[in-house]
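A quick write-up on the structure given underneath.
In full-length UniProt numbering, the protein residues as written are 1 to 172.
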């Protein structure tokens, strides 16, 4: 009974304050996944990187490299056309776009919402959990593992609630 009396004040003392941020593994460490969102090219370009482990994120900035060129074929509406990670797709509603998990580390890229401001997405990594973010019109994001870019995702355009997205393989 005394133990319960001592534990309750200790538990209450920890409530209500600001939480200490969780320690993050260094970028590129085993077990980390990096997603990078690149804003549309401003006069001086920067890249915002978010390293995510489970549900913790650490934003960093690095010099920007131009995103790769999207595929030249016309956009598809069939999500299965993107499994190889090289396609342009037009979506008018949320969808799960299947990807080759062996190549990209994720079984799919899920567009959760489409709005004039861009798309919101999630991806599930085994052992890591769900990673999500958003991409604005003309911006891009990339899936990287151990500092090697696996896949670029470029939001080419948004018209109302219709988005055209390009998937471009990164460094092998």
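Each residue gets a CB set at the ideal place from its N, CA and C atoms; glycine is no exception. Please read these numbers as outputs of a predicted model, since none were measured by experiment.
Going straight from the alpha carbon of residue i to that of residue j, what length do you get?
{"i": "residue 127", "j": "residue 109", "result": "17 Å"}
{"i": "residue 80", "j": "residue 170", "result": "19 Å"}
{"i": "residue 149", "j": "residue 104", "result": "9 Å"}
{"i": "residue 93", "j": "residue 84", "result": "22 Å"}
{"i": "residue 174", "j": "residue 146", "result": "Here the chain covers residues 1 to 172 and nothing more, so residue 174 does not appear."}
{"i": "residue 91", "j": "residue 163", "result": "5 Å"}
{"i": "residue 107", "j": "residue 82", "result": "12 Å"}
{"i": "residue 21", "j": "residue 124", "result": "With a pLDDT of only 47 at residue 21, under the threshold of 50, the placement of this residue in the model should not be trusted; the figure read from the coordinates follows. Cα to Cα, residue 21 sits roughly 23 Å from residue 124."}
{"i": "residue 173", "j": "residue 153", "result": "A query on residue 173 cannot be resolved here, the shown segment of the chain reaching from 1 to 172 and no further."}
{"i": "residue 168", "j": "residue 72", "result": "11 Å"}
{"i": "residue 76", "j": "residue 87", "result": "8 Å"}
{"i": "residue 95", "j": "residue 120", "result": "11 Å"}
{"i": "residue 101", "j": "residue 151", "result": "12 Å"}
{"i": "residue 111", "j": "residue 74", "result": "20 Å"}
{"i": "residue 122", "j": "residue 78", "result": "19 Å"}
{"i": "residue 116", "j": "residue 99", "result": "25 Å"}
Counting C-beta neighbours from all protein chains within 10 Å, is the total for residue i 16 or more, i.e. buried, or is it exposed?
{"i": "residue 130", "result": "exposed"}
{"i": "residue 144", "result": "buried"}
{"i": "residue 133", "result": "buried"}
{"i": "residue 142", "result": "buried"}
{"i": "residue 140", "result": "buried"}
{"i": "residue 165", "result": "buried"}
In terms of residues, what are the limits of the beta strand (DSSP E) holding residue i?
{"i": "residue 99", "result": "No beta strand (DSSP E) contains residue 99, which DSSP labels as neither H nor E."}
{"i": "residue 159", "result": "148-159"}
{"i": "residue 87", "result": "87-91"}
{"i": "residue 166", "result": "162-169"}
{"i": "residue 184", "result": "Because the chain spans 1 through 172 in this model, residue 184 falls outside it and cannot be assessed."}
{"i": "residue 131", "result": "129-135"}
{"i": "residue 108", "result": "108-115"}
Using 8 Å for Cβ pairs, my map puts residue i next to residue j. What's the rounded Cβ distance?
{"i": "residue 155", "j": "residue 70", "result": "Their Cβ separation, rounded to whole angstroms, is 11 Å, which puts residue 155 and residue 70 out of contact at 8 Å."}
{"i": "residue 135", "j": "residue 118", "result": "5 Å"}
{"i": "residue 161", "j": "residue 114", "result": "5 Å"}
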